[in-house]
Amino acid sequence: MKRKEVNSTRMPVYRDSGFELYNAESTKKAFAGETEHEREPEQYIYSRYRNPTVVSAEEIIMEKEGSDWALLTQSGMSAIDVALSVFQRGSKTGPWLFFSEIYGGTISYIEWVLKNRRGLDIHYFNPDGEAYNLGELEKRIVALKPELIFIETVSNPMLIVADVTEVIRLAKKYGSSVIVDNTFTTSILYKPLQEGADIVIHSATKYLSGHGNITAGVICGNDKGIMKAAIEYRKFTGHMLSPDDAYRLQTHLQTFELRFNQQCRNGSDLALLLEQSPVISKVLYPGLKNHSTHCNAVKLFGSRGFGAMITFDFAGKNDEQKRKRRDNFIEFVSGQIKLVPTLGDPHSILMPVEAVWGYKYHEPGMIRLSVGFEDIGNLKSTISKALNAIESEG
Ligand code: PLP
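Numbers 15 to 408, taken from the working numbering, label the letters of the sequence shown in order.
Structure (structure tokens):
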């Protein structure tokens, strides 16, 4: 069939597994070119290597992130695998330092894959109460000399905002590379690459796609050497995003700023509402002045917002009452706010902290809320009714 130019305003979905290479000479040239690992290849060969629809979605993310390159993967975890693996140098790999308050799946990956299977020298840096003591971090870096430091800007589920800018400064002072998981914050609130981070990763499953119907990850950076290593690693391990998902991600990205800014506004409003309830003992939201790391949030995010994650705790005479109030709340709001184990969806969703993170946080009345971009009036009314009902139950 003769191909015709179509005047579409969009990059189409190229589902081709392999692309036509015409003759032996151009095939040789295409494969030779591929080993150069240019960000956008001159000739597409095979979709596990590179795909035009995926490259097009990557370009949109580069613009948002202000990065020289972005590489999409099939999940946030595969982005983490790519980001970390490019720093591995077989038995010559030095110690790596991870902030302890990071996504549980990342901790499992560190323990199961990096430590148990790959035998890497892994260390954790723990918070001092409700914040990180960066004086201690400096001592730790001096003593350990880590090759790599891995941090999340906002921790999960306690929402500690790390002074990532200072962490990057310390890391660079002592020659460590830095990877930042910026999933909760997004490039709207903070851009770690501008502060000197080597790599930023996101679970694009969350705010970047933002509709709860794409599983994807992205790794962004400015260093060309890291980019080439990451392209190679993604190709050989097959961590490539599918063209269909890349196409849908492109569409969802068109509303990213609208969605996330609204989510931040809703988050601020709800945090204030929750704080006023006598049945709630604690509201963790970086935008609240009494939050343990509010000043880090102001330093990093300025006036752009404070994110859309809120963790709050029900008051109670004992654990049993706290649990009962938590369960009643989940039931009362279930028509509008569902219990779904993800975050960044269009609608607000929640998770009971003890049921998910009970191995670490024994907080029977605690709930983590991912605030959506739905109508704030409805949201406030649903939550107020639930809190009033719980209060009247005594
Ligand atoms: N990073 C953070 C902060 C997360 O919350 C998650 C998942 O919840 C991931 C990474 C992993 O992302 P994915 O589930 O897309 O693999």
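Backbone N, C-alpha and C fix where the C-beta goes; we use that ideal spot for every residue, glycine too. Fair warning: this is a prediction, and the values are worked out from it, not measured in the lab.
Check whether the Cβ of residue i lies closer than 6 Å to any heavy atom of the ligand PLP, and answer yes or no.
| i | result |
| --- | --- |
| G252 | no |
| M172 | no |
| T200 | no |
| Y123 | no |
| M76 | no |
| M91 | yes |
| E219 | Rather than Glu, the amino acid found at residue 219 in this sequence is Thr. T219: yes, Cβ under 6 Å from the ligand PLP. |
| G133 | no |
| Y247 | no |
| G119 | yes |
| T197 | yes |
DSSP has residue i in a bridge; who is on the other side?
| i | result |
| --- | --- |
| H137 | L111 |
| V168 | V175 |
| G32 | Y60 |
| V192 | I163 |
| A145 | D142 |
| I381 | F326 and P366 |
| G235 | W83 |
| H216 | V232 |
| S105 | R103 |
| L298 | T325 |
| L353 | L364 |
| M254 | T87 |
Ordered along the chain, which non-local residues of its own chain (more than five positions away) have a Cβ less than 6 Å from that of residue i?
| i | result |
| --- | --- |
| S306 | E144 and A145 |
| L357 | K220 and S384 |
| N280 | V385 and I390 |
| E209 | T179 and I182 |
| D82 | N236 |
So residue i packs on residue j, CB below 8 Å; how close in whole Å?
| i | j | result |
| --- | --- | --- |
| V96 | R248 | 5 Å |
| R382 | L203 | The Cβ separation is near 18 Å, so there is no contact. |
| A185 | N310 | Not quite, the Cβ-Cβ distance comes to about 16 Å (not below 8 Å), so this is no contact. |
| M254 | R62 | 5 Å |
| F482 | T167 | This structure leaves residue 482 out entirely; the chain is present only between 15 and 408. |
| Q350 | N392 | 7 Å |
| F326 | K296 | 7 Å |
| K336 | F328 | 5 Å |
| L128 | F139 | Not a contact, Cβ separation roughly 16 Å. |
Buried or exposed for residue i, going by 16 or more other Cβ atoms inside 10 Å?
| i | result |
| --- | --- |
| G316 | exposed |
| L364 | buried |
| S114 | exposed |
| N170 | buried |
| K106 | exposed |
| P26 | exposed |
| T120 | buried |
| R154 | buried |
| E77 | exposed |
| P292 | exposed |
Give every residue of the same chain whose Cβ lies closer than 8 Å to the Cβ of residue i, excluding the five residues on either side of it in the sequence, and list them in chain order.
| i | result |
| --- | --- |
| P355 | M365 and V370 |
| Q276 | F387 |
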